[in-house]
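Trainee:
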Amino acid sequence: MSAILPLRLEDVSFAAGGRTIIERATLSLEAGPSTIILGANGAGKSVLMRLMHGLLAPTTGRVAWSGEGARRRQAMVFQRPVMLRRSAIANVTYVLEVAGVPAAERERLAADALWEVGLRDLAHRPARVLSGGEQQRLALARAWALHPEVLFLDEPTANLDPSATREIETIIKAFDAAGTKIVMSTHSLGQARRLGDEVIYLHQGRVLERAPIDRFFPHPASPEAAAFVKGELPWA
Amino acid sequence: MLDALVSGLQLVATLDLQLWQIVGLSLAVSLSAVALASLLGLPLGAAIAVGRFPGRQAVIVVLNALMGLPPVVVGLVIYLLLSRAGPLGAFGLLFTPGAMVVAQTVLVLPIVAALARQSVEDAWREYEEQLRSLGVEGARAALTVLWDIRFSLLTAVLAGLGRASAEVGAVMIVGGNIDGVTRVMTTTIALETSKGDLPLALGLGMVLIAIVLVLNAGAHLIKEAARRRYG
Amino acid sequence: MGMTSRVLLAMLVCASAQAQTSYITVASTTSTEQSGLFKHLLPAYEKKTGVQVRVVALGTGQALDMGRRGDADVVFVHAKPLEEKFVAEGYGVQRFEVMYNDFVLVGPKSDPAKVGGTKDIVGALQKIKAAQAPFASRGDKSGTHFAELQLWKMAGIDIAKDKGPWYRDTGSGMGPTLNTAAGMNAYALTDRGTWLSFKNRGDLVISVEGDQRLFNQYGVILVNPAKYPHVKKELGQAFIDWIVSAEGQAAIAGYKIGGEQLFFPNAKR
Numbered sequence: 068m069s070a071i072l073p074l075r076l077e078d079v080s081f082a083a084g085g086r087t088i089i090e091r092a093t094l095s096l097e098a099g100p101s102t103i104i105l106g107a108n109g110a111g112k113s114v115l116m117r118l119m120h121g122l123l124a125p126t127t128g129r130v131a132w133s134g135e136g137a138r139r140r141q142a143m144v145f146q147r148p149v150m151l152r153r154s155a156i157a158n159v160t161y162v163l164e165v166a167g168v169p170a171a172e173r174e175r176l177a178a179d180a181l182w183e184v185g186l187r188d189l190a191h192r193p194a195r196v197l198s199g200g201e202q203q204r205l206a207l208a209r210a211w212a213l214h215p216e217v218l219f220l221d222e223p224t225a226n227l228d229p230s231a232t233r234e235i236e237t238i239i240k241a242f243d244a245a246g247t248k249i250v251m252s253t254h255s256l257g258q259a260r261r262l263g264d265e266v267i268y269l270h271q272g273r274v275l276e277r278a279p280i281d282r283f284f285p286h287p288a289s290p291e292a293a294a295f296v297k298g299e300l301p302w303a
Numbered sequence: 068m069l070d071a072l073v074s075g076l077q078l079v080a081t082l083d084l085q086l087w088q089i090v091g092l093s094l095a096v097s098l099s100a101v102a103l104a105s106l107l108g109l110p111l112g113a114a115i116a117v118g119r120f121p122g123r124q125a126v127i128v129v130l131n132a133l134m135g136l137p138p139v140v141v142g143l144v145i146y147l148l149l150s151r152a153g154p155l156g157a158f159g160l161l162f163t164p165g166a167m168v169v170a171q172t173v174l175v176l177p178i179v180a181a182l183a184r185q186s187v188e189d190a191w192r193e194y195e196e197q198l199r200s201l202g203v204e205g206a207r208a209a210l211t212v213l214w215d216i217r218f219s220l221l222t223a224v225l226a227g228l229g230r231a232s233a234e235v236g237a238v239m240i241v242g243g244n245i246d247g248v249t250r251v252m253t254t255t256i257a258l259e260t261s262k263g264d265l266p267l268a269l270g271l272g273m274v275l276i277a278i279v280l281v282l283n284a285g286a287h288l289i290k291e292a293a294r295r296r297y298g
Numbered sequence: 022m023g024m025t026s027r028v029l030l031a032m033l034v035c036a037s038a039q040a041q042t043s044y045i046t047v048a049s050t051t052s053t054e055q056s057g058l059f060k061h062l063l064p065a066y067e068k069k070t071g072v073q074v075r076v077v078a079l080g081t082g083q084a085l086d087m088g089r090r091g092d093a094d095v096v097f098v099h100a101k102p103l104e105e106k107f108v109a110e111g112y113g114v115q116r117f118e119v120m121y122n123d124f125v126l127v128g129p130k131s132d133p134a135k136v137g138g139t140k141d142i143v144g145a146l147q148k149i150k151a152a153q154a155p156f157a158s159r160g161d162k163s164g165t166h167f168a169e170l171q172l173w174k175m176a177g178i179d180i181a182k183d184k185g186p187w188y189r190d191t192g193s194g195m196g197p198t199l200n201t202a203a204g205m206n207a208y209a210l211t212d213r214g215t216w217l218s219f220k221n222r223g224d225l226v227i228s229v230e231g232d233q234r235l236f237n238q239y240g241v242i243l244v245n246p247a248k249y250p251h252v253k254k255e256l257g258q259a260f261i262d263w264i265v266s267a268e269g270q271a272a273i274a275g276y277k278i279g280g281e282q283l284f285f286p287n288a289k290r
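Protein chains in written order, with my numbering: chain A, 68 to 303; chain B, 68 to 298; chain C, 22 to 290.
(1) Could you tell me the boundaries of the beta strand (DSSP E) in which Ser49/C lies?
(2) Answer with yes or no whether the minimum CB distance from Arg213/C to chain B is below 8 Å.
(3) Along the chain, where does the alpha helix (DSSP H) that runs through Ala202/C open and close?
(4) For His270/A, which three-state DSSP category applies?
(5) So, is the C-beta of Met143/A closer than 8 Å to a C-beta in chain B?
(6) Could you tell me whether the Cβ atoms of Ala223/B and Leu182/B are closer together than 8 Å?
(7) With a threshold of 8 Å between beta carbons, is His120/A in contact with chain B?
(8) Bridge partners for Lys248/A per DSSP, in chain order?
(9) Kindly say whether Tyr297/B, judged by its beta-carbon, lies nearer than 8 Å to any beta-carbon of chain A.
(10) Less than 8 Å separating the beta-carbons of Leu205/A and Pro279/A?
(11) Return the chain-ordered list of same chain residues with a C-beta closer than 7 Å to the C-beta of Arg222/C, the five sequence neighbours on each side being excluded.
(12) Which residues of chain A have a Cβ atom closer than 8 Å to the Cβ of Val140/B, listed in chain order?
(13) Please report how far the alpha carbon of Lys130/C lies from the alpha carbon of Asp246/B, in whole angstroms.
(14) Starting from Ala83/A and walking both ways along the beta strand (DSSP E), at which residues does that stretch end?
(15) Do you know how far the Cα of Ile89/A is from the Cα of Thr126/A?
(16) According to DSSP, is Pro301/A helix, strand or coil?
(17) Listed from N- to C-terminal order along the chain, which residues in the segment 237-257 of chain C have their beta-carbon within a distance smaller than 7 Å of any beta-carbon of chain B?
(18) Quickly, what does DSSP pair Thr253/B with across the bridge? List them, please.
(19) Provide the residue(s) that pair with Lys277/C in DSSP beta bridges, ordered along the chain.
(20) Do the CB positions of Ile104/A and Met251/A come within less than 8 Å of each other?
(21) Do you know how far the Cα of Gly246/A is from the Cα of Leu176/A?
(22) Could you give the distance in angstroms between the alpha-carbon of Glu222/A and the alpha-carbon of Thr93/A?
(23) Taking a contact to mean a Cβ-Cβ separation below 8 Å, would you say Ser101/A touches Arg91/A in this structure?
(24) Tell me which residues of the segment 182-211 of chain A have at least one Cβ-Cβ distance to chain B shorter than 7 Å, keeping chain order.
(25) Who are Ser154/A's beta bridge partners in DSSP?
(26) For the beta strand (DSSP E) containing Ser228/C, name the first residue and the last one.
(27) Name, please, each residue of chain B whose Cβ falls closer than 7 Å to the Cβ of Leu199/C.
(28) Is Thr191/C close to chain B, meaning its C-beta is less than 8 Å from at least one C-beta of that chain?
(29) Using a Cβ-Cβ cutoff of 9 Å, what residues of the segment 154-166 of chain B are near chain C? List them in chain order.
(30) Which residue marks the beginning of the beta strand (DSSP E) containing Gly128/C, and which one marks its end?
(31) Measuring CB to CB, does Ile278/C end up less than 8 Å from Leu217/C?
(32) If you check the beta carbons only, do Ala176/C and Val143/C fall under 8 Å apart?
(33) Taking the alpha helix (DSSP H) that Gln238/C belongs to, which residues open and close that run?
(34) Could you compute how far the alpha carbon of Ala134/C sits from the alpha carbon of Gln147/C?
(35) Hey, is Val203/B's beta-carbon within less than 8 Å of any beta-carbon in chain A?
(36) So Gln171/B is in the alpha helix (DSSP H); what residue range does that whole segment cover?
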């Protein structure tokens with residue numbers, strides 16, 4: 068089974084409701100470095116991620132994975148997790164069933180995933196009564212059980228308090244250590260520096276800049292990025 | 068009105084055997100029809116909610132309109148189908164409780180399907196992205212959402228039950244209101260009214276309303292308990 | 022899911038149990054059903070033979086239509102010309118006379134058309150039309166409706182042409198028509214049986230009775246198995262044989278409300 072990365076976006080544009088939201092994005096995502104997508108509100112980060120993940124179809128251009136079966140070898144965690152009205156562990160066995168994992172293995176793999184994110188003791192709690200942080204960890208457990216090659220995260224800690232945020236970041240690092248490519252959008256520059264290896268800066272739907280973390284933050288190349296970093300800094 | 072109430076209570080208190088036989092048949096017919104209509108209608112509604120196909124809006128409009136199918140018209144059509152002179156006469160279903168279940172199922176199916184469609188469509192906005200991201204599509208996605216909102220769907224089922232237990236037009240025509248065989252609460256009320264025994268008819272009416280109230284209360288309690296447990 | 026399966030299973034058991042009971046379907050009229058005659062007559066028959074008699078009570082016209090569609094095994098109605106036509110058209114095997122009762126004209130105690138206490142039904146109808154007193158008609162192709170139309174004809178009145186707002190066509194059964202008549206203090210033609218067991222009389226009383234022309238004959242016919250092979254001809258014929266037999270006729274005579282006999286057996290022996 069060949070790798071699905073690199074993911075190539077070729078001249079991808081997306082328009083809706085008469086507005087162009089993503090304009091002629093061309094880039095290639097390689098395996099390895101954790102990619103942070105940065106940008107102001109309304110820059111198009113969420114839409115760009117959904118285009119990459121395949122939830123949206125580009126209006127023009129092409130989104131091309133390198134290997135076969137990319138659909139099943141990636142996962143996404145959203146800002147607001149959506150849990151099924153069943154127990155925490157049942158939410159994980161559900162995705163394993165969808166993925167075609169034989170029944171005998173599902174319980175075990177689900178339990179492993181829950182242990183990985185620290186939810187083992189809450190396995191049989193109804194998922195919808197869990198706290199925001201616990202639900203987000205459960206979302207990550209769901210993704211973990213699938214051992215994806217790419218994990219997309221759309222502002223995963225935007226609604227969480229600092230301690231829950233730390234827990235989530237720990238798990239994301241675990242994904243990275245296990246070999247999953249991380250593609251994450253965030254508002255927090257501190258989080259970007261903690262988790263990212265490279266930055267893609269999005270401004271009004273256009274990919275303005277792409278650079279390794281160490282080069283982007285002290286010296287963003289474009290004036291818009293510089294303004295963004297300076298403006299955001301008080302809240303980093 | 069007061070003697071109506073007294074009549075009704077007397078009937079219940081004396082555990083009148085005929086009354087309980089009629090009540091039992093009414094419940095058996097309506098509950099069976101609702102069960103059948105739900106089995107067919109809930110997945111149908113979910114499929115329409117989640118699916119995207121040409122003419123979808125027209126299908127939704129027609130489905131909603133069918134909620135208002137006149138019971139007496141349904142009764143007439145089913146009668147013509149089940150009559151010995153009709154295409155399905157060989158089954159000998161006319162003037163049996165089976166025919167009544169068929170007619171009420173036809174009446175209730177659009178109600179359950181249309182309301183389920185609305186509920187699933189509302190929920191779909193919440194679930195769609197996550198499910199598609201997990202690789203869940205089509206029928207599987209529709210059924211997953213359907214099961215997830217199962218307690219809200221009780222409302223659709225109750226609406227169907229209300230319609231079935233309240234109607235008289237369909238069961239009268241296809242059942243024939245045969246004493247001891249196809250006589251249910253609503254047809255009995257119609258009969259007693261036409262015999263001029265209005266207090267008895269009213270009394271029966273109150274028994275019918277009380278039964279439907281109890282069923283609704285039960286369903287409500289189930290919903291509340293589930294909400295507390297599952298979130 | 023367990024609950025649903027259990028309910029369906031119970032229904033299936035009930036249905037198959039009912040299918041095993043032998044029964045016949047009799048299309049009859051609302052007058053025989055609502056007078057309570059069948060409730061008195063049938064349990065005796067069922068006990069004796071073990072055959073359940075399922076009565077679908079409609080108007081005479083509808084009952085005969087049911088026979089024409091093959092949805093009944095026996096028809097038991099009261100409109101001789103229509104019954105004879107039914108047999109002549111090949112839908113029925115043979116017509117047997119069973120019993121008779123009579124029609125009565127009921128009307129408000131205040132008697133606006135001044136017909137109370139007379140024996141002349143034709144004269145009474147003419148007076149009602151002249152006075153334009155409210156009259157409630159069944160208008161539903163029933164035996165009673167048919168008889169009413171015959172009486173208007175005998176009175177020399179073309180009711181279809183000459184009716185005015187005083188003539189209320191309810192299009193419903195005897196009971197609902199009487200309810201309407203009681204509600205609007207109107208005259209109405211009804212069979213004595215339904216009247217005797219009718220409880221919502223309001224201000225209505227019997228205005229005209231005893232006229233020979235108010236005689237109302239009931240007949241019973243087996244639906245033709247040559248036309249509809251599924252008709253239960255042995256069981257149906259057994260019921261007909263019983264109802265014209267001495268035993269059946271005695272049972273009919275034995276039905277009384279408040280000491281008054283409703284139906285008078287007159288089967289030809």
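Using N, Cα and C, we set each Cβ at its ideal position, and we do this for glycine too.
Mentor: On the basis of the data shown:
(1) Residues 44-50.
(2) The Cβ of Arg213/C sits no closer than 8 Å to any Cβ of chain B.
(3) Boundaries of the alpha helix (DSSP H) harbouring Ala202/C: 195-204, taken from the DSSP string.
(4) Strand at His270/A.
(5) For Met143/A, the answer is yes, since a Cβ of chain B falls inside 8 Å of its Cβ.
(6) When the beta-carbon positions are compared, Ala223/B and Leu182/B come within less than 8 Å of each other.
(7) By this cut-off, His120/A is an interface position.
(8) Val217/A, per the DSSP bridge assignment.
(9) When Cβ-Cβ separations below 8 Å define contact, Tyr297/B makes contact with chain A.
(10) No, they are not a contact pair.
(11) Excluding five sequence positions before and after Arg222/C, the CB atoms of its chain that fall closer than 7 Å to its own CB belong to Ala203, given in chain order.
(12) Within 8 Å Cβ-Cβ: nothing; Val140/B doesn't reach chain A, min ~39 Å.
(13) Near 35 Å, if we compare the C-alpha coordinates of Asp246/B and Lys130/C.
(14) That run of the beta strand (DSSP E) goes 74-83.
(15) Here the alpha carbon of Thr126/A sits roughly 9 Å from the alpha carbon of Ile89/A.
(16) Below a pLDDT of 50, predicted positions are generally treated as unreliable, and Pro301/A, at 40, falls in that range; no measurement from the model is reported.
(17) Residues passing the 7 Å Cβ filter: Tyr249, His251.
(18) Per DSSP, Thr253/B has no beta-bridge partner at all.
(19) According to DSSP, which records beta bridges pairwise, Lys277/C is partnered with Gln282/C.
(20) Result yes, Cβ atoms of Ile104/A and Met251/A sit closer than 8 Å.
(21) Going by the C-alpha atoms only, they are around 18 Å apart.
(22) A straight line joining the alpha-carbon of Glu222/A with that of Thr93/A spans about 22 Å.
(23) Not in contact: Ser101/A and Arg91/A (Cβ atoms no closer than 8 Å).
(24) Cβ contacts with chain B come from Pro193, Arg195, Val196.
(25) Answer by DSSP bridge pairing, in chain order: Pro193/A.
(26) Its beta strand (DSSP E) spans residues 225-229.
(27) Those within 7 Å of Leu199/C in chain B are Gly263.
(28) It does not; no Cβ of chain B falls within 8 Å.
(29) For the segment 154-166 of chain B, residues whose beta-carbon sits nearer than 9 Å to a beta-carbon of chain C comprise Gly156, Ala157, Gly159, Leu161, Phe162, Thr163, Pro164, Gly165.
(30) Segment 113-129, the beta strand (DSSP E) holding Gly128/C.
(31) Leu217/C is positioned such that its CB atom lies closer than 8 Å to that of Ile278/C.
(32) At the C-beta level, Ala176/C and Val143/C come within 8 Å of one another.
(33) First-last for Gln238/C: 236-244, but that is the beta strand (DSSP E), not the alpha helix (DSSP H).
(34) Their backbone Cα atoms lie some 9 Å apart in a straight line.
(35) Output row for Val203/B: interface = yes.
(36) 164-200 is the span of the alpha helix (DSSP H), which, as asked, contains Gln171/B.
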